[in-house]
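Visitor: Starting off with a structure, shown below.
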Ligand SMILES: Cc1ncc(COP(=O)(O)O)c(C=O)c1O
């Protein structure tokens, strides 16, 4: 398959390791971890795979500034700002929220980088695409807008490519994996994985646990990304809404809000595996996996959980932890 033009700043292939202790009481299931938290340091996590494609397009359009958006502690915004800087481009970040009392994590890193930060309220953020369009109009240089989470038909290529990487690893290492599980926050990662499955006619299942909104919302959002991908790159894929498997029920208090369930999971996982899971995405998705494995209701028995990174996000939750 011919991939869309992309840069190669992501450190791949990321390793697949067995989860040795955390699920040891669940004899029916086996779980592996795809370490996409190791795609880089400043450029860590799942976002960078999408940015490989999005920033290739920005470059092709001769953009000198990248504009993107997210929550005040967004991993995607930090990754974008660092990636753009490595390419010699300027960045404007439109962040939902107020200046944190203690500057830490991704926010601190954005400031160290001297990215232009525009803080807006949750109300204003409802029209964030318009806000970004206005910033582009007012910019003195050519600017390229990346939507929230890099989740569009271009960014989705990042996880089409990752799906190919996973398929290759499964085959080379003879792993019995039947299902890929991941967190969903803006839908691009799940959309890319499902596109990878459809394009390669793979039998692997793709499921995700939503960390905001609900399953219906993500079936629509992921479906839209797949439709746009097919239109733009001229693919005729056979799929329907029921192919988009979302495990709902683990949003907890809301997006970006964490309570004892998540802090407990982060501690237990760190103490059993020696690996940190992020609070906003990984902890909720891993909790969904754990609950369904314990109930015996998880769709799949040999599961590859994608660790999507977000380590810097942990530090803004120091009070809860
Ligand atoms: C660490 C982390 N994991 C998972 C996700 C979810 O990925 P997506 O937005 O593609 O659904 C995000 C971003 O939203 C993230 O920052």
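Numbering (the numbering used here), first residue to last: 32 to 352. C-beta: ideal position from N, C-alpha, C; glycine also.
Here's the rule: buried if 16 or more other CB atoms are within 10 angstroms of the residue's CB, otherwise exposed. What is residue 46?
Guide: Exposed: under 16 other Cβ atoms inside 10 Å.
Visitor: Mind reading off the beta-carbon distance from residue 342 to residue 295? Whole number of angstroms is fine, and I expect it under 8 Å.
Guide: At roughly 19 Å, the Cβ-Cβ gap does not stay under 8 Å, so residue 342 and residue 295 are not in contact.
Visitor: Which two residues bound the contiguous alpha helix (DSSP H) that contains residue 138?
Guide: Residues 136-144.
Visitor: Which residue spans inside the stretch 67-100 form an unbroken alpha helix (DSSP H) run of at least 4?
Guide: Taking only runs of at least 4 residues, the alpha helix (DSSP H) segments lying wholly in the stretch 67-100 are 78-91.
Visitor: Quick one: Cα of residue 145 to Cα of residue 136, how far?
Guide: Answer to the nearest angstrom: the Cα atoms are 15 Å apart.
Visitor: Any heavy atom of ligand 1 inside 6 Å of the beta-carbon of residue 220?
Guide: Residue 220 Cβ: within cutoff of ligand 1.
Visitor: In whole angstroms, what is the alpha-carbon distance linking residue 175 and residue 58?
Guide: Each residue's alpha carbon lies about 49 Å from the other.
Visitor: Going by DSSP, name the residue or residues bridged to residue 214.
Guide: 240.
Visitor: Is residue 287 near ligand 1, judged by its Cβ being under 6 Å from some heavy atom?
Guide: Because no heavy atom of ligand 1 lies under 6 Å away, the Cβ of residue 287 does not count as near it: no.
Visitor: Do you know how far the Cα of residue 299 is from the Cα of residue 197?
Guide: Answer to the nearest angstrom: the Cα atoms are 27 Å apart.
Visitor: Is the number of C-beta pairs between the stretch 224-242 and the stretch 261-276 that are closer than 8 Å three or more?
Guide: With the cut-off at 8 Å, the stretch 224-242 and the stretch 261-276 touch.
Visitor: Any heavy atom of ligand 1 within a distance shorter than 6 Å of the CB on residue 214?
Guide: Residue 214: yes, Cβ under 6 Å from ligand 1.
Visitor: Within the same chain, show all residues whose beta-carbon is closer than 8 Å to that of residue 285, passing over the 5 residues directly before and after it, in chain order.
Guide: Taken in chain order, the residues that qualify are 243.
Visitor: Please list the terminal residues of the continuous beta strand (DSSP E) segment that includes residue 166.
Guide: Where residue 166 is concerned, there is no enclosing beta strand (DSSP E), although the alpha helix (DSSP H) it sits in stretches over 159-169.
Visitor: So does residue 110 have its beta carbon nearer than 6 Å to some heavy atom of ligand 1?
Guide: No, the beta carbon of residue 110 sits no closer than 6 Å to any heavy atom of ligand 1.
Visitor: Looking only at its own chain, which residues have a Cβ that is under 7 Å from the Cβ of residue 52, when we skip the five neighbours before and after it?
Guide: Counting only Cβ-Cβ distances below 7 Å, and skipping sequence neighbours, we find 303 and 304.
Visitor: Answer yes or no: the CB of residue 368 versus the heavy atoms of ligand 1, is any distance below 6 Å?
Guide: This structure leaves residue 368 out entirely; the chain is present only between 32 and 352.
Visitor: Starting from residue 352, follow the beta strand (DSSP E) in both directions and report where the run begins and ends.
Guide: That residue, residue 352, is in no beta strand (DSSP E); it is neither H nor E in DSSP.
Visitor: Can you tell me where the beta strand (DSSP E) holding residue 338 begins and where it ends?
Guide: Residue 338 -> beta strand (DSSP E) spans 333-338.
Visitor: Can you pull the DSSP bridge partners for residue 65?
Guide: Its beta-bridge partners are 47 and 337.
Visitor: How far does the alpha helix (DSSP H) with residue 225 in it extend, from its first residue to its last?
Guide: Note, residue 225: alpha helix (DSSP H), 219-231.
Visitor: Could you name each continuous beta strand (DSSP E) segment of 3 residues or more that falls completely within the stretch 250-301, going from the start of the chain to the end?
Guide: Correct list: 276-278.
Visitor: Taking the alpha carbon of residue 34 as the reference point, which residue from 266, 312 and 339 has its own alpha carbon closest?
Guide: Taking only the C-alpha atoms, the option nearest residue 34 is 266.
Visitor: Under three-state DSSP, which class holds residue 102?
Guide: It is a strand residue.
Visitor: Spatial neighbours of residue 249 within its chain, please: CB distance less than 8 Å, with the 5 preceding and 5 following residues excluded, ordered by chain position.
Guide: The residues are 215, 218, 221, 239, 241, 275 and 277.
Visitor: Helix, strand or coil: which one does DSSP assign to residue 325?
Guide: Looking at residue 325 - three-state DSSP - the assignment turns out to be helix.
Visitor: Rounded to whole angstroms, what's the CA-CA distance from residue 346 to residue 100? Just pull it up for me.
Guide: Each residue's alpha carbon lies about 20 Å from the other.
Visitor: To the nearest angstrom, how far is the alpha carbon of residue 183 from that of residue 256?
Guide: Each residue's Cα considered, the two are about 6 Å apart.
Visitor: Hey, how far is the Cα of residue 189 from the Cα of residue 78?
Guide: Cα to Cα, the separation comes out at about 8 Å.
Visitor: Is the distance from the Cβ of residue 123 to the Cβ of residue 160 below 7 Å?
Guide: No, the pair does not count as a contact, with Cβ atoms beyond the cut-off.
Visitor: Helix or strand or just coil, what does DSSP make of residue 124?
Guide: Looking at residue 124 - three-state DSSP - the assignment turns out to be strand.
Visitor: Quick test of your reading: residue 314 and residue 332, contact by CB under 8 Å. State the CB separation rounded to the nearest angstrom.
Guide: Wrong, their Cβ atoms sit about 23 Å apart, outside the cutoff.
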